[in-house]
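In mature numbering (1 follows the signal peptide of the UniProt record, and there is no 0), the protein residues as written are -16 to -1, 1 to 398.
Below is one structure, written out as structure tokens, with a few remarks after it.
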């Protein structure tokens, strides 16, 4: 159904930044860091720290390839937003703002991305101010795996769901975990399983000439089996359950998604409302008291982030199945989403678009795709009224600071 819809609305094309009936007024970008080294080498792993140092900064860090990926993404962003005249040709830190999680790979990706957007002129390097929360574990907007007792309890409750058990306790899964535990030299189970296919992918991509020699037990068939299981477990971790209710009627999947999607959606939507307040008050006569100088000047806000954060936004918008489409797959290194805010010229109403670029796309890895027609209730339109995004915000809004909500556990069945 998704692919048929994709083709019917003809979104497989390079998109123009401007449309005749709309004015682009604000953009929020979200991307995954570039190619990195494996984070969790397994006990019998033949690749060591020295191997990763030779192509980057060590285990878990951005590789030189990852830097190049983000320079290329930045160049594409430059063509889309700077060369079109939307963003200034000369960098202005009040107009273009970058935020990153407190991880080397996301911070360096932001810097490389910026270098693609605003390349050096006359050898002069521009310093990029990046907003970084000091504590990675407390950044629940940009890091869906932040410290959150409520989410941890919900994830444990979900393990009692029949849907979860049918996958994790299936004999084929148990057999796979047993086989992998033997070759890895350590116990593989549902919670740490994702690390092994992730490590194998990293090693195969970055050391193609020696990977199979150092990993003689590897086969494409085995990786496919691991990836199929990993996809199911990732969906569970993301709160995507077909039948998520417990006897107390708590929708566990929905509650998990609130914690993973809610803070980010609230941040994105809240900034859009602030921008609209500035625009509408200016149209009336002067800025309102709610319009700060900072919001008035800002036109581009970027989150340098992780794959799970991108996926949380896709799930919030009802686009989780995008990952099984030609333009999809799991958000790969340097994948990016852009939430564009428009004002329709005719009636001054606000509209939005969600744009996607995925370098691992089998169709066109360098192109920007308009996902808006695929969003439920956007009625296959290339532009969607902001009220639809407002409904998503209301659905996942937790109603209090996430630091407080993460400690609300009295309504959970312990």
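Yeah, the Cβ is synthetic: ideal placement off N, Cα and C, and Gly gets one too.
What are the residues that DSSP puts in a beta bridge with residue i?
{"i": "residue 469", "result": "Here the chain comprises residues numbered -16 to 398, so residue 469 is not present and cannot be evaluated."}
{"i": "residue 105", "result": "108"}
{"i": "residue 369", "result": "335"}
{"i": "residue 12", "result": "285 and 323"}
{"i": "residue 255", "result": "According to DSSP, residue 255 bridges with nothing at all."}
{"i": "residue 340", "result": "321 and 353"}
{"i": "residue 6", "result": "3 and 328"}
{"i": "residue 40", "result": "47"}
From the DSSP output, in three-state form, read off residue i for me.
{"i": "residue 133", "result": "helix"}
{"i": "residue 141", "result": "helix"}
{"i": "residue 328", "result": "strand"}
{"i": "residue 351", "result": "coil"}
{"i": "residue 51", "result": "helix"}
{"i": "residue 23", "result": "coil"}
{"i": "residue 46", "result": "strand"}
{"i": "residue 191", "result": "coil"}
{"i": "residue 177", "result": "coil"}
{"i": "residue 235", "result": "strand"}
{"i": "residue 165", "result": "helix"}
{"i": "residue 396", "result": "coil"}
{"i": "residue 153", "result": "coil"}
{"i": "residue 262", "result": "helix"}
{"i": "residue 199", "result": "coil"}
{"i": "residue 388", "result": "helix"}
{"i": "residue 57", "result": "helix"}
{"i": "residue 147", "result": "helix"}
{"i": "residue 75", "result": "coil"}
{"i": "residue 212", "result": "helix"}
{"i": "residue 123", "result": "coil"}
{"i": "residue 247", "result": "helix"}
{"i": "residue 218", "result": "helix"}
{"i": "residue 227", "result": "coil"}
{"i": "residue 94", "result": "helix"}
{"i": "residue 160", "result": "helix"}
Ignore the nearest five residues each way along the sequence and tell me which others in residue i's own chain have a CB closer than 7 Å to its CB.
{"i": "residue 383", "result": "none"}
{"i": "residue 381", "result": "246 and 250"}
{"i": "residue 362", "result": "356, 368 and 372"}
{"i": "residue 281", "result": "78 and 79"}
{"i": "residue -13", "result": "Only weak support is given to the placement of residue -13: the predicted model assigns it a pLDDT of 46, under 50, and the value that follows is read from those uncertain coordinates. No residues qualify anywhere along the chain."}
With a threshold of 8 Å on Cβ separation, who are the neighbours of residue i within its own chain once the five nearest residues in sequence on each side are excluded?
{"i": "residue 299", "result": "222, 223, 224, 241, 244 and 245"}
{"i": "residue 173", "result": "161"}
{"i": "residue 193", "result": "none"}
{"i": "residue 27", "result": "168, 169 and 170"}
{"i": "residue 182", "result": "22, 23 and 24"}
{"i": "residue 86", "result": "116, 117, 118, 119, 120 and 123"}
Could you round the C-beta distance between residue i and residue j to whole angstroms and report it? I think they count as a contact, below 8 Å.
{"i": "residue 357", "j": "residue 302", "result": "The pair is not a contact, with the Cβ atoms about 12 Å apart (cut-off 8 Å)."}
{"i": "residue 23", "j": "residue 55", "result": "At roughly 23 Å, the Cβ-Cβ gap does not stay under 8 Å, so residue 23 and residue 55 are not in contact."}
{"i": "residue 100", "j": "residue 61", "result": "7 Å"}
{"i": "residue 248", "j": "residue 297", "result": "6 Å"}
{"i": "residue 97", "j": "residue 121", "result": "Between residue 121 and residue 97 the Cβ distance is about 24 Å, and since that is not below 8 Å, they are no contact."}
{"i": "residue 317", "j": "residue 19", "result": "5 Å"}
{"i": "residue 92", "j": "residue 51", "result": "7 Å"}
{"i": "residue 16", "j": "residue 291", "result": "5 Å"}
{"i": "residue 393", "j": "residue 179", "result": "At roughly 28 Å, the Cβ-Cβ gap does not stay under 8 Å, so residue 393 and residue 179 are not in contact."}
{"i": "residue 319", "j": "residue 342", "result": "5 Å"}
Determine whether the Cβ of residue i lies closer than 8 Å to any Cβ atom of chain C.
{"i": "residue 49", "result": "Absent from the structure: chain C. Only one protein chain is present."}
Can you list, in chain order, the residues of its chain with a C-beta nearer than 6 Å to that of residue i? Leave out the 5 residues immediately preceding and following it.
{"i": "residue 239", "result": "138"}
{"i": "residue 197", "result": "none"}
{"i": "residue 88", "result": "45"}
{"i": "residue 36", "result": "21, 42 and 43"}
{"i": "residue 219", "result": "none"}
{"i": "residue 83", "result": "115 and 287"}
{"i": "residue 377", "result": "249 and 253"}
Could you check whether the region 19 to 35 touches the region 179 to 199, counting it as contact only if at least three pairs of C-beta atoms, one from each stretch, sit closer than 8 Å?
yes
Between the region 251 to 263 and the region 6 to 20, are three or more C-beta pairs nearer than 8 Å?
yes
At least 3 beta-carbon pairs within less than 8 Å: the region 104 to 116 vs the region 206 to 220
no
Is it the case that the region 217 to 227 contacts the region 197 to 209, given that we only count it when at least three CB pairs across the two stretches are under 8 Å?
no
Would you be able to state if there are at least three C-beta pairs under 8 Å between the region 366 to 379 and the region 328 to 338?
yes
Determine contact between the region 325 to 334 and the region 379 to 395, defined as no fewer than three beta-carbon pairs at a distance below 8 Å.
no
Determine, using beta-carbon pairs with one atom in the region 115 to 134 and one in the region 285 to 299, whether at least three such pairs fall under 8 Å.
yes
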